[in-house]
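Encoded as structure tokens, the structure appears first; notes follow it.
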Amino acid sequence: MSRLTPLHRESSYQMEPPSRPLHDAPVAAILRAPELKKYFYEGLINPLSHIPGPYLSQWTSLKVSYYWLAGKRATYVDKLHKQYVQHQRKTLGPVVRVSPNEVSICDIRAAREIYNTSSRFYKSNWYRLLVPPLLENIISTPHPLIRSSRRRLLAPPLSDSSLTRLEPRIREMIYLTLVKMSHELKVKGSLDVFKWWLFMTTDIIGELSFGESFRIIDLEQLSTISPTRTTFSFLMKAGAMLPLPTFTKMVQASYRLNDYARQSVARHKAFTTKDPLNAKHTLFTKVIDAGDKGGLSEQEICNEARGFIGAGSETTAVTLTYLVYAVCRDCHTRSLPYLNQVIKETLQLYAAIPEALPRTVPEDGIHLAEFNIPGGTTYASGSEILPNPLDFYPERWTSPTKEMEDASLPFGDRSRTSLKIHLARMELQLATALFFRAFLEVRMSSHEGICNDDMELRSFFLAAPKGHRCLVKA
1 MSRLTPLHRE SSYQMEPPSR PLHDAPVAAI LRAPELKKYF YEGLINPLSH IPGPYLSQWT
61 SLKVSYYWLA GKRATYVDKL HKQYVQHQRK TLGPVVRVSP NEVSICDIRA AREIYNTSSR
121 FYKSNWYRLL VPPLLENIIS TPHPLIRSSR RRLLAPPLSD SSLTRLEPRI REMIYLTLVK
181 MSHELKVKGS LDVFKWWLFM TTDIIGELSF GESFRIIDLE QLSTISPTRT TFSFLMKAGA
241 MLPLPTFTKM VQASYRLNDY ARQSVARHKA FTTKDPLNAK HTLFTKVIDA GDKGGLSEQE
301 ICNEARGFIG AGSETTAVTL TYLVYAVCRD CHTRSLPYLN QVIKETLQLY AAIPEALPRT
361 VPEDGIHLAE FNIPGGTTYA SGSEILPNPL DFYPERWTSP TKEMEDASLP FGDRSRTSLK
421 IHLARMELQL ATALFFRAFL EVRMSSHEGI CNDDMELRSF FLAAPKGHRC LVKA
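UniProt numbering puts the first residue of the sequence shown at 1, with every later residue one more than the last.
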């Protein structure tokens, strides 16, 4: 499955809602004629009109928005690349237009240039949708200087060497999860690995961030500060305006998570002052202990902790879920003596973030994949270099080519690599190994009417199974 990168051209034109009375509609239409004329004129001279894509995408983003709302945007864009294939080269179309201000690029060299360390392509405003209003952290900020300074502060505790001291706590939570899984299997005859992996990864990131978990594994239910309920700001805005139970819960969960983060930071400071020798080490210990000299205020630390919880739990849980699903469906795979290849193939085939990671083209424009992209366009990039990319075939990673390695960027590239890459790998390796040791004969279950359709990938930014469950038996 190709990993795609969207490019968006920020448009300064917005149609204002009508404010005139109904009986003035004809007059309003006449007065608005220049605006409509401008709208159609801009569509005709759209600087992206030379790029292959559906005709309507030159005028409206309704179609791609529909697929986004259905959780199938990545699949739709992937089909566009296959539809506008380069027949001379017999390769996928390297660039396609998906909306009036967005293109998707499927090209290795372009992807490397876009996400290069010294790249001038900044994060688009789309990232602000991933956090609540007025909150900024390393995930959402488009400013490279802020991002690099935060990275210098937050990366050291997440290095391989630093995580070694935290491994016993990670193992303890994995073992507890396996015990709970075993109990559910005995009682119900099947167990939901998606649910338990989400419980586990959320508790792990809570423990490592705040010094204590959310106790989700013990309580056996997602807490009121579940990361999936605190991710998208437009849902938060809807919750504030619409008296609907689901939206209201999202707003309340966001407030609770912020309070929890603030209280945890305060507790850590108090405990460190009282008994510094026995204080638990966390991912934020050095920053908290440094106080104002650490470069982050207490609220900024809380903001980053929220980002860690959202990005560090569900992504790993989804990957583990599809790893179990893929292995259970392939008897050949479970008998092979490799672990890292299975993990890498899962990350490639079932990306937890299959959506493109949009960047904005510099004002002077850029030439990518044989196309001139105007400045201000938002784009995303990816590539499809693997043979039979939709087949689960871990053996391909036994001796990967340089092209394969270059095309595989599940955690980003170089300085843009996810801060949590080492933690994610540790969780994936430990949880996978311990799970298949505990459940030697694990296989997919048809309990409660679950079928392959339930495992169809749905993505709004983070991916998840369509049925929000994955039942197995042993």
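In this text, a Cβ means the ideal position worked out from N, Cα and C, and glycines have one as well.
Where the alpha helix (DSSP H) through residue i begins and ends
{"i": "Phe435", "result": "Ile421 to Ala438"}
{"i": "Lys188", "result": "Glu167 to Lys188"}
{"i": "Asn340", "result": "Asn340 to Leu349"}
{"i": "Ser459", "result": "No alpha helix (DSSP H) contains Ser459, which is instead part of the beta strand (DSSP E) from Leu457 to Ser459."}
{"i": "Phe371", "result": "Careful: Phe371 lies outside any alpha helix (DSSP H), inside the beta strand (DSSP E) at Phe371 to Ile373."}
{"i": "Tyr67", "result": "Leu62 to Leu69"}
{"i": "His468", "result": "No alpha helix (DSSP H) contains His468, which DSSP labels as neither H nor E."}
{"i": "Leu56", "result": "That residue, Leu56, is in no alpha helix (DSSP H); it is neither H nor E in DSSP."}
{"i": "Thr73", "result": "In the sequence as presented, Thr is not what sits at residue 73; that position holds Arg. Per DSSP, Arg73 belongs to the alpha helix (DSSP H) from Arg73 to Gln83."}
{"i": "Thr164", "result": "Asp160 to Thr164"}
{"i": "Asp406", "result": "Lys402 to Ala407"}
{"i": "Phe121", "result": "Premise fails: Phe121 is in no alpha helix (DSSP H) and is neither H nor E."}
{"i": "Trp196", "result": "Val193 to Phe210"}
{"i": "Asp218", "result": "Ile216 to Leu219"}
6 Å Cβ shell around residue i - same chain, five flanking residues per side excluded
{"i": "Tyr67", "result": "Arg73 and Tyr76"}
{"i": "His468", "result": "none"}
{"i": "Ser264", "result": "Phe210"}
{"i": "Val27", "result": "At Val27, the pLDDT of 45 sits below 50, so the modelled position is not reliable; the number obtained from the coordinates is stated separately. Excluding sequence neighbours, Val27 sits near nothing in its chain."}
{"i": "Phe199", "result": "Ile216 and Ile217"}
{"i": "Gln88", "result": "Its pLDDT being 47, under 50, Gln88 is placed unreliably by the model, and the measurement read from it follows with that caveat. Around Gln88: no qualifying Cβ."}
{"i": "Pro142", "result": "Tyr122 and Lys123"}
{"i": "Leu457", "result": "Ala463"}
Spatially closest choice to residue i from the options, by CA coordinates
{"i": "Gly365", "options": "Arg425, Arg120 and Thr316", "result": "Arg120"}
{"i": "Pro157", "options": "Trp197, Ser148, Arg97 and Leu283", "result": "Leu283"}
{"i": "Thr164", "options": "Gly310, His281 and Gly189", "result": "His281"}
{"i": "Gly312", "options": "Pro94, Pro144, Arg109 and Leu423", "result": "Leu423"}
{"i": "Asp259", "options": "Asp406, Tyr122, Glu363 and Cys302", "result": "Cys302"}
{"i": "Ala407", "options": "Lys420, Pro389 and Pro168", "result": "Pro389"}
{"i": "Lys188", "options": "Tyr175, Ser446, Met200 and Thr141", "result": "Ser446"}
{"i": "Tyr325", "options": "Pro54, Phe435 and Leu277", "result": "Phe435"}
{"i": "Pro144", "options": "Phe371, Arg359, Tyr338 and Leu191", "result": "Arg359"}
{"i": "Glu405", "options": "Ile108, Pro47 and Leu153", "result": "Ile108"}
{"i": "Thr315", "options": "Asn340, Val287, Gln341 and Leu347", "result": "Leu347"}
{"i": "Val287", "options": "Glu220, Gly206, Ala155 and Glu456", "result": "Ala155"}
{"i": "Trp197", "options": "Glu427, Arg437 and Glu448", "result": "Glu427"}
{"i": "Lys123", "options": "Thr285, Glu304, Arg147 and Phe194", "result": "Arg147"}
{"i": "Glu441", "options": "Ser190, Arg267 and Ala317", "result": "Ser190"}
{"i": "Pro106", "options": "Lys82, Arg396 and Tyr127", "result": "The residue asked about is misnamed: residue 106 is Cys in this sequence, not Pro. Here the closest residue by C-alpha is Lys82."}
{"i": "Arg112", "options": "Glu403, Asn452, Ala433 and Leu430", "result": "Glu403"}
{"i": "Gln429", "options": "Phe392, Pro394 and Leu339", "result": "Leu339"}
{"i": "Ile343", "options": "Thr432, Lys269 and Ser65", "result": "Thr432"}
{"i": "Asp289", "options": "Gly449, Thr272 and Leu277", "result": "Thr272"}
{"i": "Gln438", "options": "Lys63, Val64, Gly53 and Leu185", "result": "Note on identity: in this sequence residue 438 is Ala, with Gln being the wrong assignment. Measuring from the Cα of Ala438, the nearest candidate turns out to be Leu185."}
{"i": "Met455", "options": "Tyr55, Leu80, Arg169 and Val193", "result": "Val193"}
{"i": "Tyr55", "options": "Ile114, Tyr84, Leu69 and Ala317", "result": "Tyr84"}
{"i": "Ile170", "options": "Ala110, Arg425 and His367", "result": "Arg425"}
{"i": "Glu345", "options": "Leu153, Phe371 and Pro387", "result": "Pro387"}
{"i": "Leu135", "options": "Ala305, Phe371 and Cys470", "result": "Ala305"}
Residue span of the beta strand (DSSP E) that contains residue i, given as start and end
{"i": "Glu102", "result": "Glu102 to Cys106"}
{"i": "Val96", "result": "Val95 to Ser99"}
{"i": "Ala463", "result": "Ala463 to Pro465"}
{"i": "Lys473", "result": "Leu471 to Lys473"}
Residues near residue i by beta carbon distance below 8 Å, same chain, minus five either side
{"i": "Thr60", "result": "Ser99 and Pro100"}
{"i": "Arg443", "result": "Cys328, Val472, Lys473 and Ala474"}
{"i": "Asp24", "result": "In this predicted model, Asp24 has a pLDDT of only 47, less than 50, meaning its place in the structure is not dependable; the value taken from the coordinates is given anyway. Nothing listed; no residue qualifies."}
{"i": "Met173", "result": "Met200, Asp203, Ile204, Glu207, Ser213 and Ile217"}
{"i": "Asp330", "result": "Phe392"}
{"i": "Thr398", "result": "Tyr338 and Gln341"}
{"i": "Glu220", "result": "Lys180 and Phe199"}
Residues of its chain near residue i, where Cβ-Cβ distance is below 7 Å and the 5 sequence neighbours each way are ignored
{"i": "Asp160", "result": "His422"}
{"i": "Ile205", "result": "Phe308, Ile309, Gly312 and Ser313"}
{"i": "Asn46", "result": "Gln58 and Pro100"}
{"i": "Thr177", "result": "Trp196, Phe199, Met200 and Ile217"}
{"i": "Pro21", "result": "Unreliable placement is indicated for Pro21, whose pLDDT of 46 sits below 50; the coordinate value is still reported in the next sentence. None."}
| query | How do the segment 320-331 and the segment 205-212 stand: do at least 3 beta-carbon pairs fall below 8 Å, yes or no? | reply | Of all C-beta pairs linking the segment 320-331 to the segment 205-212, fewer than three are shorter than 8 Å, placing the two stretches out of contact.
| message | Give the list of continuous beta strand (DSSP E) stretches no shorter than 3 residues that lie fully inside the segment 252-334. | response | You should have found no qualifying run.
| said: Is it the case that the segment 177-185 contacts the segment 295-307, given that we only count it when at least three CB pairs across the two stretches are under 8 Å? | reply: No: fewer than three Cβ pairs fall under 8 Å.
| Enumerated in chain order, which unbroken segments of the alpha helix (DSSP H) with a length of 4 residues or greater are wholly contained in the segment 127-156? | Runs of the alpha helix (DSSP H) inside the segment 127-156: 144-154.
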